[in-house]
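Right, one structure below, let's go through it.
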Amino acid sequence: MKAPRGTQDLLPGVTEKWQYVEGKLKELSNNYHYQEIRTPIFEHTELFQRGVGDTTDIVQKEMYTFLDKGDRSITLRPEGTASVVRSFVEHKLFGSPNQPTKLFYIGPMFRYERPQQGRMRQFVQYGVEALGSADPAIDAEVISLAMNAYQTLGLQSLKLVINSLGDQESRENHRQALIDHFTPVKEELCDDCQTRLEQNPLRVLDCKKDREHPKMQDAPSILEYLNDESEAYFEKVKAYLDAMNIPYEVDPNLVRGLDYYNHTAFEIMSNAEGFGAITTLSGGGRYNGLVENLGGPETPGIGFALSIERLLMALEAEGVELPIDSQLDCYVVSLGDAANLKAATIVNELRQAGIQVDKDYQAKKFKGQFKAADRLQAKYVLVLGDDELANNQIAVKNMETGDQETVALDQLTEHMQGIL
RNA sequence: GCGAUCGUGGUGAAGUGGUUAACACAUCGGAUUGUGGUUCCGACAUGCGUGGGUUCGAUCCCCACCGGUCGCCCCA
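All letters in the first sequence, in the order written, are residues 1 to 420 by the working numbering.
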């Protein structure tokens, strides 16, 4: 039996890294005052169709959808925002006096895709959503949090790309301009783009295949179609980023694959050498209208999500060592029935005193037990044999220096607490 | 969904159409009857992803499937 394609087991040795990273992200969330929300791992399929958008790749070809025993169409969540907004609406969080509602989540997402480096069918996302504010300052806050998530872990080769998709009116005008621009050469575009031109012309812009097409070079930029209000909003977001000393690059072709975005859109990429083909570490944007679309009151929102897998890859690529201390305080070595029995109680007492302790369970000889202790990088080995037992003592050996001393059994816990 | 490439023990990795599938590391045992990281000796593949086929005979040839890796599309 093997784990299903595109999934992976995280084993001891790497789970420590995950714990560390997740801990840091939660800490960061608290600093920004985002609170944790946990939503189900599966939802009604309709939520994603309406929330993420029917024309997106995610909905069209990447969802894990199945019928449950009650013939309900269920989908393993492909992203987090739709669920969070659904929950926000369902529990009427918009009614809370504390607005905006600032939430974060961390958990597995599922997308049916061909696995490759940095892309799994089950992967873990950390993300935040700020609902209830249309202040450009909160756009900047979310972007700042996203950048900070990487920087606080020690990453440096980062590139922040931002764009504005404008409001409804701006998007409509731009959309029409795109249709007018590309329709005359429709036949020359790739199959996907011919479809996109009808369903979501904006996405023609980020097509990789048609990038060299002459009509692509002078395609109408969304930035030229922003109405005054949208432009002012974008300017303010940039002003906040400037004020916060967060460097960014404006890319008018940054479109994002999900339908719900408007106004601010951004992506963070890694510049690290040898990072592989997929350089996007995280992405996000504003989604005014999504809450309404999912049955709530008119509520603006913005959020972003990052993949822990890619974050770990970036750390690896930049050679960042995480400060993970997986050492063992003590390893108890014993030989003989009486000593073994006593050793078990000693181990128990030390553990209750909050000390990390382990012992042999393989019936190994002294030598083997020492090798095991060495391999586990135990700081101290406590030796209990017939001699020690007879004198109610135990030998405490410092594995780093090789020094060994004898301690009375009834003072062992105290002694260990003193030297650790 | 498309393309490339790969699939031998815990790990890395040789290899051949035909009795016992190199080697290294790791692990275990012993040399050293109660003390680690060195050295020496020894042990260690339900048999070479799964299922078919070709053949007197296949781990090595063919086919299918599954899986890994990388890339395309797209994204986290």
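By construction, the Cβ of each residue, glycine as well, lies at the ideal position given by its N, Cα and C atoms. Given the structure is predicted, the values throughout are model-derived calculations rather than measurements.
Contacts around residue 110, its chain only, beta-carbon distance under 7 Å, and the 5 residues preceding and following it disregarded
64, 76, 77, 78, 121, 122
For residue 320 and residue 153, the rounded distance between their alpha carbons:
8 Å
Within the chosen definition, does the stretch 33–52 reach the stretch 180–191 through at least 3 CB pairs nearer than 8 Å?
no
Unbroken alpha helix (DSSP H) run spanning residue 397, endpoints:
From DSSP, residue 397 is part of no alpha helix (DSSP H) but of the beta strand (DSSP E) over 393–398.
Quick one, are the C-beta atoms of residue 472 and residue 100 less than 8 Å apart?
With the chain represented from 1 up to 420, any question about residue 472 goes unanswered, as that position is not in the structure.
Identify the residues that DSSP records as bridge partners of residue 304: which are they?
128, 284
With distances taken from CA atoms, which of 26, 259, 223 is nearest residue 251?
223
Bridge partners of residue 109, per DSSP?
123
Straight-line Cα distance separating residue 266 from residue 80
17 Å
In the stretch 234–293, which residue ranges form an unbroken alpha helix (DSSP H) of at least 4 residues, counting only runs that do not cross its ends?
290–293
Are residue 324 and residue 20 touching if we call contact CB-CB under 8 Å?
yes
Check residue 162 in the structure and name its three-state DSSP category.
strand
What does DSSP give as the partner residue(s) for residue 404 in the beta ladder?
397
Applying the criterion that 16 or more other CB atoms from any shown protein chain within 10 Å of the CB defines a buried residue, is residue 226 buried or exposed?
buried
Hey, would you say residue 378 sits closer than 8 Å to residue 388, going by beta carbons?
no
Just to confirm my understanding: we take residue 408, look at its own chain, exclude 5 residues before and 5 after, and list those with CB closer than 7 Å. What are they?
392, 393
With DSSP collapsed to three states, give me the class of residue 26.
helix
Using only CA atoms, which one of 68, 125, 380 lies nearest to residue 402?
380
Output needed for residue 405: all residues of its chain with C-beta closer than 6 Å, excluding positions within five of it in sequence on either side, in chain order.
396
Taking the CB atoms as reference points, tell me whether residue 214 and residue 178 lie closer together than 8 Å.
no
Mind checking whether residue 364 and residue 372 have CB atoms under 8 Å apart?
yes
Following the continuous beta strand (DSSP E) through residue 81, name the residue where it begins and the one where it ends.
It is not in any beta strand (DSSP E) - residue 81 instead sits in the alpha helix (DSSP H) that spans 81–90.
CA-CA distance, residue 296 and residue 89?
5 Å
Inter-residue Cα distance where the pair is residue 359 and residue 11:
22 Å
Which two residues bound the contiguous beta strand (DSSP E) that contains residue 384?
378–384
Given residue 160 as reference, the closest of 284, 196, 103 once Cα atoms are compared:
284
What's the C-alpha gap between residue 237 and residue 301?
14 Å
Expressed to the nearest angstrom, what Euclidean distance is found between the alpha-carbon atoms of residue 98 and residue 167?
26 Å
Helix, strand or coil at residue 333 according to DSSP, with G and I counted as helix:
strand
Helix, strand or coil, according to DSSP, for residue 33 in the structure here?
coil
Among 68, 354, 400, nearest to residue 370 - alpha-carbon criterion:
400
CB residue 3 to CB residue 51, shorter than 8 Å?
no
So the candidates are 362, 104, 232; which of them puts its Cα closest to the Cα of residue 35?
104
Taking a contact to mean a Cβ-Cβ separation below 8 Å, would you say residue 288 touches residue 130 in this structure?
no
By DSSP's criteria, residue 116 is part of a beta bridge. Which residues make up the other side?
119
Same chain, Cβ closer than 8 Å to residue 208, five either side skipped, listed in chain order
none
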